Each structure stands twice: as structure tokens, then as C-alpha cells.
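**Student:** Here you go, one structure.
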Amino acid sequence: MKLSKLLEKMEYTVVCGDDNCEVNELVYDSRKVEANDVFVCIKGAAFDGHKYIQQVVDKKATAVIVMDDVAAMEGVTIIKVEDTRLALAYMSAAFFGYPAEKLTTIGITGTKGKTTTSYMVRQVLENVGISTGLIGTIETIIGEEKIPSVNTTPESYIVQQTFAKMVEKGIKCVVMEVSSQGLMLHRVSGFTFDYGIFTNIEPDHIGPNEHKDFEDYLHCKSMLLKQCRHGIVNADAKHLDEILEGHTCDLETYSIDNESDLKAENIKLFNRPGFLCCSYNTKGLIDIDVEIHVPGKFSVYNSMCALAICRHFTDDKEKIQKALLSVSVKGRVEIIKVSDRFTLMIDYAHNAMSLESLLNTLKEYKPNRIVTLFGCGGNRSRDRRFQMGETSARLSDFTIVTSDNPRNEDPMAIIADIVTGIEKVGGNYATVPDRKDAIRYAILNAKDGDVIVLAGKGHEDYQEINGVKHHMDERELIGEVILEPEVKEVL
0 MKLSKLLEKM EYTVVCGDDN CEVNELVYDS RKVEANDVFV CIKGAAFDGH
50 KYIQQVVDKK ATAVIVMDDV AAMEGVTIIK VEDTRLALAY MSAAFFGYPA
100 EKLTTIGITG TKGKTTTSYM VRQVLENVGI STGLIGTIET IIGEEKIPSV
150 NTTPESYIVQ QTFAKMVEKG IKCVVMEVSS QGLMLHRVSG FTFDYGIFTN
200 IEPDHIGPNE HKDFEDYLHC KSMLLKQCRH GIVNADAKHL DEILEGHTCD
250 LETYSIDNES DLKAENIKLF NRPGFLCCSY NTKGLIDIDV EIHVPGKFSV
300 YNSMCALAIC RHFTDDKEKI QKALLSVSVK GRVEIIKVSD RFTLMIDYAH
350 NAMSLESLLN TLKEYKPNRI VTLFGCGGNR SRDRRFQMGE TSARLSDFTI
400 VTSDNPRNED PMAIIADIVT GIEKVGGNYA TVPDRKDAIR YAILNAKDGD
450 VIVLAGKGHE DYQEINGVKH HMDERELIGE VILEPEVKEV L
């Protein structure tokens with residue numbers, strides 16, 4: 000492919016060489032450069048691709064894309080652009096033949112709800128016969144293939160490569176989580192989303208290597224509505240005016256409280272044996288009765304958002320209802336049905352804020368008891384341990400303290416920190432260091448009407464100890480425990 004073809008939608012300056020040269024592969028990792036490749040010098044928090052220019056030239060790279068001033072070099076084409084991350088996005092789109100133009104693209108951004116909503120959308124669309132791919136925090140799904148994720152929003156090259164694979168597999172639509180980092184670092188530049196969705200915003204991801212302050216975080220979230228054709232936003236969200244400032248898309252809204260194009264009414268929270276559920280009906284752009292077996296008001300928002308998106312693809316209310324009723328997202332208030340006597344769930348809540356939100360939601364169902372089982376990660380802030388201990392003690396009736404990812408710390412030292420937080424509030428607790436033993440303890444001691452929460456691991460299927468990741472999936476642990484004779488007796 001000619002370099003000029005990769006650069007066709009960009010402004011650039013030829014420092015030396017010929018932009019009409021042929022290149023084999025587009026690369027942004029200097030270790031992967033081979034002869035006749037074009038290398039893009041990306042800058043990150045801890046690296047700078049410009050430092051490896053001589054190295055890639057020695058490897059016979061044909062061209063190098065830079066944003067810093069670089070002296071002309073013999074035998075290589077050097078192209079200067081304003082932003083190499085933006086260049087990588089546009090070049091990747093061109094390299095893979097602009098695959099986004101052959102898909103219907105849905106991007107979802109917001110502090111909370113991205114993961115669950117994306118799965119709900121995919122489930123509905125698949126249910127009505129629209130083959131749909133997914134890119135998100137947990138995994139990328141391309142047909143039957145599932146690839147565990149490293150970042151919520153991958154690098155732009157990976158995004159475009161994934162789109163191309165989806166097109167090749169005959170997939171018609173893709174729903175993806177779009178993080179603030181992904182927007183800030185141009186990982187989703189180079190194409191226009193057909194639908195851009197904003198769920199909500201709260202202070203998060205602020206600090207070194209992320210966002211300098213809330214204003215920066217908010218600004219990055221707002222970028223999606225300048226990069227989509229049709230915007231769908233939560234009319235109840237805080238800071239909505241700032242998010243909408245400068246938007247370039249058509250807009251529609253959904254809500255529970257404020258006036259909107261699609262509104263939820265008659266919300267009811269209720270129990271079914273082993274499940275926590277909610278139901279509501281909508282008025283406006285689509286009138287439909289909805290029941291979901293995922294608890295809480297936030298689940299109403301997530302499913303409302305999915306409805307607002309999916310009504311553009313189908314008017315088959317029965318299939319929409321069926322899909323939403325059966326939706327389950329790995330590690331996100333994921334209910335594991337083991338007994339009619341109590342409810343058991345897995346959730347990714349791994350800090351005090353997310354744990355408090357979850358437990359307050361569960362309280363609305365008036366359970367007999369809330370039993371919270373969790374640990375905290377090693378080589379992380381000790382304050383998080385104290386805070387989670389306090390939160391669980393305040394909002395749970397009983398806490399089971401166990402191990403999470405101790406990493407290079409002593410698991411018992413981590414547990415002791417959590418207990419310090421629990422005892423500060425005077426909560427009831429037990430310590431069971433081994434996670435499988437802790438799950439067994441929780442089930443054996445469950446009472447009728449209890450809600451048992453396994454918090455912190457969520458979708459993770461490993462436990463990291465002394466730098467080594469060991470396979471550990473809580474779903475498998477539950478499956479093993481409930482087959483034990485003494486456990487079978489209490490189920």
C-alpha cells in the first residue's frame with residue numbers, strides 16, 4: 000500500500016523522502032517493526048516512540064511518522080504531523096479499508112453503565128437477527144470468538160483491525176464501550192459513530208496518567224457527541240449541559256425523572272425465588288412493558304438506554320422484552336441461581352464508592368440480611384481497605400473477609416486492614432482467607448431471604464499471588480461448592 004493512501008485524510012509535511020513509497024505494515028511498537036514497514040512514533044506517560052527512530056531505521060523501516068522536529072535521514076521517508084495518535088487512528092482506518100463504513104457503529108460512554116448497557120444492546124440485536132460484535136471492558140466478541148480485554152477501549156489500530164475482522168465475518172453492527180481515555184488518546188478517531196450514547200458522569204479516573212481534573216474528564220466524555228451522527232443521552236444525568244456543549248449530532252433523550260423523548264414509569268422492585276428484579280413501562284418513542292432480572296434503579300437506566308438504541312433497529316417488542324428478560328453480564332450484579340431460599344450474586348464492586356452504591360441498591364429489596372464477601376488487592380492503597388471495611392460494616396448485616404489479589408503482599412495483612420475498618424464501625428464479620436472456603440462458609444450459613452454478594456472479582460478469572468496469575472473463577476468455585484454433600488443439604 001502506498002504511504003500517501005494511508006495519509007489521504009490528514010494534513011502532513013514531508014520532512015524527507017517520498018510519501019508515494021510502498022509500505023507493508025503499519026506499526027506503533029518499535030519491537031515489531033520489519034523491513035518496509037511504516038512506524039508511528041506514539042507518546043505515552045512512560046514512553047516516547049521518537050526515541051526509537053534510529054532503531055526502526057536500522058530495521059529497514061520505509062517510513063516514520065513523527066510529531067517532534069526530527070532531522071532528515073537518508074534512506075527513509077519522514078512525515079511530520081501535529082498529533083501522531085490522531086495520525087495512527089486515521090492511518091489505521093485507511094490501512095484496513097475503512098471498515099467502520101461497512102458497519103453500524105454504536106459507542107457508549109459514561110462513568111457507569113457502559114458494560115451492562117453494551118451487553119443488553121448486543122443481546123437485543125442478536126435476538127432480532129442482527130449479527131452484532133462487541134468491544135468492551137470484559138472482552139471483545141467477534142461472532143463465536145471471545146478475546147479477553149486489556150483496555151476498555153483498545154488502541155486505534157486494534158479497533159480498526161477488529162472492525163475489519165467483524166466485516167469479514169459478516170457482522171452488521173458493533174457496540175463498544177468508549178472510555179474517556181479512549182477519546183482523549185484518539186483511540187476512536189478516524190471514523191464517525193452512527194450512534195453516540197452518554198449514560199452519566201461522576202468524578203472518576205482523575206489523577207496521574209489519567210485526567211488532571213474533573214473538567215478535563217468531562218470534556219473528554221463530551222467528545223463522543225462531536226463524533227457521532229445521532230446522540231442518545233440520559234436526561235437525568237448531572238452536568239448534561241456541559242456534555243452537550245458544542246455537540247454536532249441529532250439528539251434524543253431517555254429518563255426516569257425529567258422530561259424526555261423516552262421515559263420510564265411505574266417502576267417496581269420485586270423478588271422472584273433466587274432473583275432480584277425490576278419492571279417498568281415506557282412512554283414516548285416506544286411504549287413497552289419491561290421486566291429485567293437485574294436489580295436496582297441503575298438497571299432501569301441501563302435497560303432504558305438499550306431500548307433507546309435498539310428501537311432504531313427493530314419494532315419487535317416481544318423479542319426486545321425476551322432479550323432484556325434473559326440478559327446477564329459477567330461480573331456486573333450477576334445473579335448465580337443456586338437456591339430458592341436466598342440470592343447469590345457476583346459483582347465487580349472493588350472500591351468503597353461502588354460497594355456503597357451496590358449495597359444501598361440491595362437494601363431497597365428489604366432482604367432478611369445482606370452478607371458481603373470481599374477482599375482487597377495487594378500493592379494498592381491501604382485506605383481502600385479501611386474504607387471498604389467501614390462501608391460493608393455500615394450497610395451489610397454480616398461481612399466475610401477473604402483474599403482477592405494479594406499480589407506481593409501478605410494476604411493476612413490485607414485482611415487485617417479490612418477488619419480495622421469493620422471494627423471501627425462495630426460490624427459483624429468472619430475472616431476466611433481462602434476464597435473457595437469463604438464461598439462455602441457463606442452458602443452453609445445462608446438464611447432464608449438473604450442476599451449474598453461476592454464483591455471485587457467480578458469478571459476476573461484469576462488470582463494474582465507473588466506476581467503469578469492463578470486461574471480462579473468464582474462461578475467455577477460456586478459450581479464445585481454446591482456439589483459437596485454438606486452444601487447440598489442446605490440448598
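Residue numbers 0 to 490, in numbering that gives the first Met the number 0, belong to the letters of the sequence shown in order.
Ideal placement from N, C-alpha and C gives every residue a C-beta, glycine not left out.
What you are looking at is a predicted structure, and each value in this text was computed from that prediction instead of being measured.
How would you write the range of the beta strand (DSSP E) that PRO410 sits in, first residue to last?
**Tutor:** No beta strand (DSSP E) contains PRO410, which is instead part of the alpha helix (DSSP H) from 410 to 424.
**Student:** Among SER259, GLU73, GLU290, GLU251, whose alpha-carbon lies nearest the alpha-carbon of ASN270?
**Tutor:** For ASN270, the closest alpha carbon among the candidates SER259, GLU73, GLU290, GLU251 is that of GLU290.
**Student:** For ALA92 and GLU24, what's the separation of their Cα atoms in angstroms?
**Tutor:** 13 Å
**Student:** Which of the three DSSP states, helix, strand or coil, is assigned to PRO294?
**Tutor:** In this structure, PRO294 counts as coil in the three-state DSSP scheme.
**Student:** Exposed or buried, what is TYR194 when buried is set at 16 or more other beta-carbons lying within 10 Å of its beta-carbon?
**Tutor:** Per the 10 Å Cβ criterion, buried.
**Student:** Write down the C-beta distance between SER278 and GLU244 rounded to the nearest angstrom, noting that I regard them as a contact closer than 8 Å.
**Tutor:** Not confirmed; about 36 Å, so no contact.
**Student:** Jot down the residue ranges of each uninterrupted alpha helix (DSSP H) in the stretch 122 to 167, minimum 4 residues, whole runs only, in chain order.
**Tutor:** Runs of the alpha helix (DSSP H) lying entirely within the stretch 122 to 167 and spanning at least 4 residues, in chain order: 155 to 167.
**Student:** Quick one: what does DSSP say PHE192 is sitting in, helix, strand or coil?
**Tutor:** PHE192: strand per DSSP, three-state reduction.
**Student:** Quick check: the Cα distance between ASN444 and SER402, rounded to an integer number of angstroms?
**Tutor:** Using only the alpha carbons, I get a separation of about 19 Å.
**Student:** Check ILE77 in the structure and name its three-state DSSP category.
**Tutor:** Reduced to three states, the DSSP call for ILE77 is strand.
**Student:** Tell me which residue opens and which closes the beta strand (DSSP E) that ALA62 is part of.
**Tutor:** Its beta strand (DSSP E) spans residues 62 to 65.
**Student:** What are the boundary residues of the alpha helix (DSSP H) that includes ASP249?
**Tutor:** Counted as a single uninterrupted DSSP element, the stretch harbouring ASP249 is not any alpha helix (DSSP H) but the beta strand (DSSP E) occupying residues 249 to 254.
**Student:** Could you check if HIS458 is buried or exposed, using at least 16 other CB atoms within 10 Å of its CB as the buried criterion?
**Tutor:** The Cβ neighbour count for HIS458, taken over all protein chains shown within 10 Å, is at least 16; the residue is labelled buried.
**Student:** Where DSSP assigns a beta bridge to THR108, which residues make up the other side?
**Tutor:** PHE197
**Student:** Give the secondary structure of PHE46 by DSSP, where H, G and I count as helix, E and B as strand, and everything else as coil.
**Tutor:** coil
**Student:** I need the straight-line Cα distance from TYR118 to GLY273, nearest angstrom please.
**Tutor:** Their backbone Cα atoms lie some 22 Å apart in a straight line.
**Student:** Helix, strand or coil for HIS185 per DSSP?
**Tutor:** HIS185 falls in the coil class under three-state DSSP.
**Student:** Just to confirm the assignment: which complete beta strand (DSSP E) runs, minimum length 3, are found wholly within the stretch 434 to 469?
**Tutor:** Counting whole runs of 3 or more residues, the stretch 434 to 469 contains the beta strand (DSSP E) stretches 450 to 454, 461 to 464.
**Student:** Run through the stretch 334 to 386 for me and flag every whole alpha helix (DSSP H) of 4 or more residues, listed as ranges in chain order.
**Tutor:** 351 to 362
**Student:** When the Cα atoms are used, what is the spatial distance from ILE107 to THR198?
**Tutor:** In this structure, the alpha-carbon of ILE107 lies about 8 Å from that of THR198.
**Student:** Based on DSSP bridge pairs, tell me the residues matched to ALA263.
**Tutor:** Its beta-bridge partners are THR281.
**Student:** If you measure from the CB of LEU490, is any heavy atom of the ligand NAP nearer than 7 Å?
**Tutor:** Looking at this structure, you won't find the ligand NAP or any other ligand, since it has none at all.
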